[in-house]
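Numbering (the working numbering), first residue to last: 45 to 89. Single-structure report; data block below.
Quick look at the structure:
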């Protein structure tokens, strides 16, 4: 098995606290066996 790296790119968000829904977009050739995304709580300075 190989690890999958995930990069999160946030643009155009002002400093503050956010509660963002987790969503994963996969290419057509990858199908998830199991998916249970959660929410991301982040603080932007």
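Glycine residues also receive a C-beta, built at the ideal position from the N, C-alpha and C atoms.
Got a sec, what are the start and stop residues for the beta strand (DSSP E) residue i sits in?
i          : result
residue 64 : 60-65
residue 68 : Per DSSP, residue 68 belongs to no beta strand (DSSP E) and is neither H nor E.
Give me the residue from the options with the minimum Cα distance to residue i.
i          : options    : result
residue 70 : 63, 79, 55 : 79
Kindly examine the ligand MN and report whether one of its heavy atoms sits closer than 8 Å to the Cβ of residue i.
i          : result
residue 71 : Questions concerning the ligand MN fall outside what the structure shown contains, since it holds no ligand whatsoever.
Quick one: what does DSSP say residue i is sitting in, helix, strand or coil?
i          : result
residue 74 : coil
residue 87 : strand
To the nearest whole angstrom, what separates the beta carbons of residue i and residue j, a pair I think is in contact under 8 Å?
i          : j          : result
residue 54 : residue 83 : Not quite, the Cβ-Cβ distance comes to about 15 Å (not below 8 Å), so this is no contact.
residue 66 : residue 81 : 4 Å
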